[in-house]
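Chemist: So the sequence shown is numbered by this note's numbering: it starts at 1372 and just counts up by one.
Quick reminder that beta carbons are idealized off the backbone N, C-alpha and C, glycines included.
It should be emphasised that the depicted structure is a prediction, and the values quoted were computed from it without experimental measurement.
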Amino acid sequence: MAMQLTRRGDMRRKDRQLTYIDDIKEILTRGRIAHIAFFDDKYPYVIPMSYGFEMENGRIFFYFHSAMEGHKLDLIGKNRSVCIEIECNVEMTEGETACAYGYKYMSFVGFGNAEILSGDDEKADALKLFMKCQTGRDFDISKEMVGNVVIIRVGIDEYEAKGRRH
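1) Could you have a look at M1420 and say whether DSSP puts it in helix, strand or coil?
2) Are the CB atoms of R1451 and A1408 within a distance shorter than 8 Å?
3) For the region 1528-1536 against the region 1386-1397, do three or more pairs of beta-carbon atoms, one drawn from each stretch, fall closer than 8 Å, so that the two count as touching?
4) Taking one C-beta from the region 1468-1488 and one from the region 1442-1457 each time, how about it: are there three or more such pairs within less than 8 Å?
5) Would you tell me roughly how many angstroms separate the C-alpha atoms of G1429 and K1494, rounded to the nearest one?
6) From this set, R1403, M1463, G1448, T1464, which residue's C-alpha is nearest P1419's C-alpha?
7) Suppose the cutoff is 6 Å on Cβ atoms and the five residues either side in sequence are ignored; what does the same chain contact list for R1383 look like?
8) Ignore the nearest five residues each way along the sequence and tell me which others in D1491's own chain have a CB closer than 7 Å to its CB.
9) Output yes if chain D places a C-beta closer than 8 Å to the C-beta of Y1434; else output no.
10) Could you give the DSSP three-state label for M1382: helix, strand or coil?
11) Using C-beta distances below 6 Å, list every residue in its chain close to I1447, excluding the 5 sequence neighbours before and after it, in chain order.
12) Could you please give the first and the last residue of the uninterrupted beta strand (DSSP E) stretch that includes D1528?
13) With a threshold of 7 Å on Cβ separation, who are the neighbours of R1401 within its own chain once the five nearest residues in sequence on each side are excluded?
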């Protein structure tokens, strides 16, 4: 089933555009690290973070955990807009000449707003989801665990996916 993408513009390489929900789920499931970009004063601030995700009513939500204080939390306090990039299935393809080399890949780029979760139950649920996505296992989450982390939730408003499979 095709998923309706809300894009920032037309993709130049339409032959690489991925619109099927199964492709998007594959990227988000196989990927382990998201590169998340925040607005900083002079330059974008991009960091790699592990994540959990869920899809609700055709919308994607990401969950990240963080220390109780730090630069990214300060940046979210100033501007909640973020960009998330994830790639998977990256493999070099060889060629006879230097310019014939390339990569097979699948990638996802999403734009949305970050929010800090405050309720213990929603933080525990997010941590369970995070661990399930990262390990494939179910874990019990204690009040102590919930109290020692900040959970960042990002609802994706616009996104696109792209791939090169040969």
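Modeler: With the given structure in hand:
1) As a working note, residue 1420 is residue 49 in the sequence shown. In this structure, M1420 counts as strand in the three-state DSSP scheme.
2) For the purposes of this step, residue 1408 is taken as residue 37 along the sequence shown, with counting starting at 1. For the purposes of this step, residue 1451 is taken as residue 80 along the sequence shown, with counting starting at 1. Not a contact, by the Cβ cut-off of 8 Å.
3) yes
4) yes
5) Here residue 1429 refers to the residue found at position 58 of the sequence shown. Here residue 1494 refers to the residue found at position 123 of the sequence shown. Rounded to whole angstroms, G1429 to K1494 spans 22 Å at the Cα level.
6) The residue labelled residue 1419 in the question sits at position 48 within the sequence shown. Residue R1403 is the option with its Cα nearest to P1419.
7) Within the sequence shown, numbered from 1, the residue matching residue 1383 stands at position 12. No residues qualify anywhere along the chain.
8) Locating residue 1491 in the sequence shown gives position 120, counting from the first residue. Excluding positions up to five away in sequence, the list reads K1514, V1517.
9) The displayed structure is made up of one protein chain only, and chain D is not part of it.
10) Walking along the sequence shown from the start, residue 1382 turns up at place 11. It is coil, neither helix nor strand.
11) Indexing the sequence shown from 1 puts residue 1447 at position 76. Result list for I1447: A1485, in chain order.
12) Taking the first residue of the sequence shown as position 1, residue 1528 is located at position 157. Taken as a continuous stretch (DSSP letters only), the beta strand (DSSP E) holding D1528 covers 1521-1535.
13) If you number the sequence shown from 1, residue 1401 lands on position 30. Excluding positions up to five away in sequence, the list reads C1459, N1460.
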